[in-house]
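Novice: Input: one structure, supplied below.
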Amino acid sequence: MSARLLAMALAPLLGLFIIALGNGFLSSLTTLRLGAAGESATTIGIVSSTYFIGLTLGAVFNDRLILRIGHIRAYSSFAALIGATILLQGLFYDTTWWSVLRLINGWAAVGVFLVIESWLLLAGDAKIRGRLLALYMITFYGAGVIAQAGLGEITRLGDTAPFMLAGMLATLSVLPIVILPRVSPLLDQVEPLKPRQLLGVAPTGLVGCFGSGVAIAAIYTLLPLYLQRIGMDVGEVGGMMAWVILGAMLLQYPVGRWSDRKDRQTVLIALAALCTVLSLLIVLLPADTLLLPALLFLLGGGVFALYPVAVSSAADRAPADALVPMIQGLLLINSLGSALAPLAISPMMTSYGEVGLFWAFAVINLAMVGFFLWRRGKRPAPEHPAPFAPTATFSPTGAELRVTEDLMHAAQEHPPLDAMAAAPAKPRADLG
Numbered sequence: 001m002s003a004r005l006l007a008m009a010l011a012p013l014l015g016l017f018i019i020a021l022g023n024g025f026l027s028s029l030t031t032l033r034l035g036a037a038g039e040s041a042t043t044i045g046i047v048s049s050t051y052f053i054g055l056t057l058g059a060v061f062n063d064r065l066i067l068r069i070g071h072i073r074a075y076s077s078f079a080a081l082i083g084a085t086i087l088l089q090g091l092f093y094d095t096t097w098w099s100v101l102r103l104i105n106g107w108a109a110v111g112v113f114l115v116i117e118s119w120l121l122l123a124g125d126a127k128i129r130g131r132l133l134a135l136y137m138i139t140f141y142g143a144g145v146i147a148q149a150g151l152g153e154i155t156r157l158g159d160t161a162p163f164m165l166a167g168m169l170a171t172l173s174v175l176p177i178v179i180l181p182r183v184s185p186l187l188d189q190v191e192p193l194k195p196r197q198l199l200g201v202a203p204t205g206l207v208g209c210f211g212s213g214v215a216i217a218a219i220y221t222l223l224p225l226y227l228q229r230i231g232m233d234v235g236e237v238g239g240m241m242a243w244v245i246l247g248a249m250l251l252q253y254p255v256g257r258w259s260d261r262k263d264r265q266t267v268l269i270a271l272a273a274l275c276t277v278l279s280l281l282i283v284l285l286p287a288d289t290l291l292l293p294a295l296l297f298l299l300g301g302g303v304f305a306l307y308p309v310a311v312s313s314a315a316d317r318a319p320a321d322a323l324v325p326m327i328q329g330l331l332l333i334n335s336l337g338s339a340l341a342p343l344a345i346s347p348m349m350t351s352y353g354e355v356g357l358f359w360a361f362a363v364i365n366l367a368m369v370g371f372f373l374w375r376r377g378k379r380p381a382p383e384h385p386a387p388f389a390p391t392a393t394f395s396p397t398g399a400e401l402r403v404t405e406d407l408m409h410a411a412q413e414h415p416p417l418d419a420m421a422a423a424p425a426k427p428r429a430d431l432g
């Protein structure tokens, strides 16, 4: 990577790393504090879901705000809101107000992602987006692993210390953005494909993205509660969550390479089946088994790999001019699944105990296995699959980071599809 490219990408990646360090453990911390206060799994699910509702709303509306006020002011505003909501969480305990604060935090967090991803998008053309995407992945997941692994040590400093540290990091993340040399990123207004269009052309991708959204949100919000209820302290919970995120980071590339060589429908079936088996093993094995870190590592890898493989499966059928709105639409479907997950799964933990989480995982993944098998019989995979791109669930602007030169060439082999017709391209706006 050239020195010029690194200089252009350094500011957003540093900002992302700093803010992700603080925000990375907040979902686990919120769940653990609610659990320690004796709240029911349903109440915890309601509070947790508000963060993902905020993410979904922000993904739809925040681009218009950034277009209006500019990326530097927008980033500073979003980071300040994240810091304020975190600090307010540490000042007082009330489930209703925590729900409001988590909603605002999610709305602001996706605004931060929008600014960072549009910046990276400008830093290079389609030829080098794969490398930029890899840097983003390492930064985002690496910060998450460090944050979760250090949660136990941070909480030993006092009840409010984690909130104070996370709020401080959110504020400090502004410094690389405003100090380091920069250029003005470009941002398009989001116009994703509608669910009906996605269902008509890429039902496998749609179901895979929705199911992975449900599972990922449940991991972030309800897995800490499961670990707490089987007797782990905060440090042990953070360590286990670090194993999950590490699995998500390390296993995407080998899974992606496999999906480039095999029928992607087969890979999706195998991933969902693996997650089903792992969930049942966690239910059936003793809670204190030494195998738990390995099982969670593999579960994290399987659950988090479902989303990018499902997106790649949908991209296999898309013409080049529909790639960006299609991926944006799939991201919103994923966000919708994330928003619904805590609300839908937490009652199972109330009814069946902590293992209700993994019974829910097993049911969700088994349902996906059945659907993928049915779709495979109805419509086999195309002959020329688009290359896999490992990725996290970004903002809609991050969808364009996935559209590399190789992906566009693969998509151009497909004739335009009426159901996938993209909206006319709008001129980019220079945000100054």
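Each residue of the sequence shown is one higher than the one before, counting from 1 in full-length UniProt numbering.
All C-beta atoms in this analysis are idealised placements derived from N, C-alpha and C, irrespective of residue type, glycine included.
#1: Starting from SER77, trace the alpha helix (DSSP H) in both directions and tell me its first and last residue.
#2: Quick one: grab the DSSP three-state call for ILE18.
#3: Under 6 angstroms Cβ to Cβ from PHE297, same chain only, skipping five residues before and after it: list those, please.
#4: Using CA atoms only, rank isn't needed, just tell me which of ILE46, SER173, SER118 is closest to VAL100.
#5: Are ALA170 and ILE19 closer than 9 angstroms when you measure CB to CB?
#6: Using DSSP with H/G/I as helix, E/B as strand and the rest coil, what is GLU236?
#7: How about ILE44 and THR221: do their beta carbons lie closer than 9 angstroms?
#8: Using alpha carbons as the reference points, say which of LEU121, MET137, ILE245, MET168 lies closest to LEU88.
#9: Classify GLY54 as helix, strand or coil using the three-state DSSP reduction.
#10: Using three-state DSSP, classify ARG157 as helix, strand or coil.
#11: Note down the Cα distance separating LEU278 from ARG73, rounded to an integer number of angstroms.
#12: Which residues in the same chain as residue 434 place their Cβ atom closer than 7 angstroms to its Cβ, once the five residues preceding and following it in sequence are excluded?
#13: In terms of residue numbering, what span does the alpha helix (DSSP H) encompassing THR276 cover?
#14: If you count every other CB in all the chains shown that lies within 10 Å of the CB of ASP159, and 16 or more means buried, which is it?
#15: Quick one: what does DSSP say ASP316 is sitting in, helix, strand or coil?
#16: Please tell me whether VAL234 has its Cβ less than 9 angstroms away from any Cβ of chain C.
#17: Taking C-beta to C-beta, are LEU55 and VAL110 nearer than 9 angstroms?
#18: Starting from the C-beta of ALA149, find all residues in its chain whose C-beta is less than 8 angstroms away, skip the five residues before and the five after it, and write them out in chain order.
#19: Would you kindly report the start and end of the unbroken alpha helix (DSSP H) that includes VAL174?
#20: What separation, rounded to the nearest whole angstrom, lies between the Cα atoms of GLY58 and MET349?
#21: Are there 16 or more other CB atoms within 10 angstroms of the CB of ILE196, so buried, or fewer, so exposed?
#22: Look up ASP94 in the DSSP assignment and say whether it is helix, strand or coil.
#23: Distance, Cα to Cα, ILE104 vs PHE92?
#24: Exposed or buried, which one is VAL178 when buried takes at least 16 other CB atoms within 10 Å?
#25: Whole angstroms are fine: how far does the CA of ASP63 sit from the CA of LEU14?
#26: I'd like the list of long-range same chain contacts for ALA84, defined as Cβ closer than 8 angstroms, with 5 residues on each side in sequence excluded.
#27: Suppose the cutoff is 7 angstroms on Cβ atoms and the five residues either side in sequence are ignored; what does the same chain contact list for LEU373 look like?
#28: Rounded to whole angstroms, what is the Cα-Cα separation between ARG229 and ALA315?
#29: Taking 8 angstroms as the cut-off, does the segment 259 to 268 touch the segment 349 to 360 (at least 3 CB pairs, one atom from each stretch)?
#30: I'd like to know whether the C-beta atoms of LEU285 and VAL309 end up nearer to each other than 9 angstroms.
#31: Which whole-angstrom value is the C-beta distance of SER173 and ALA41, which I expect to be below 8 angstroms?
#32: Quick check: TYR307 and GLY144, are their CB atoms within less than 9 angstroms of each other?
#33: In whole angstroms, what is the alpha-carbon distance linking ILE345 and LEU180?
#34: How about ILE327 and VAL311: are their beta carbons less than 9 angstroms apart?
#35: Can you tell me whether DSSP reads LYS378 as helix, strand or coil?
Specialist: Let me lay it out:
#1: 71 to 91
#2: helix
#3: TRP243, GLY247
#4: ILE46
#5: yes
#6: helix
#7: yes
#8: MET168
#9: helix
#10: Correcting the residue identity first, residue 157 is Leu in this sequence and not Arg. Residue state, collapsed to three classes: coil.
#11: 45 angstroms
#12: No information on residue 434 is available, as it lies outside the stretch 1 to 432 that the chain covers here.
#13: 264 to 284
#14: exposed
#15: coil
#16: The question asks about chain C, but that chain is absent: this structure has only one protein chain.
#17: yes
#18: GLY238, GLY239, ALA242
#19: 174 to 179
#20: 29 angstroms
#21: Looking at the sequence itself, residue 196 is Arg, so the reference to Ile does not match. Result: exposed.
#22: coil
#23: 16 angstroms
#24: exposed
#25: 22 angstroms
#26: GLY167
#27: ILE269
#28: 41 angstroms
#29: no
#30: no
#31: The Cβ separation is near 33 angstroms, so there is no contact.
#32: no
#33: 44 angstroms
#34: yes
#35: helix
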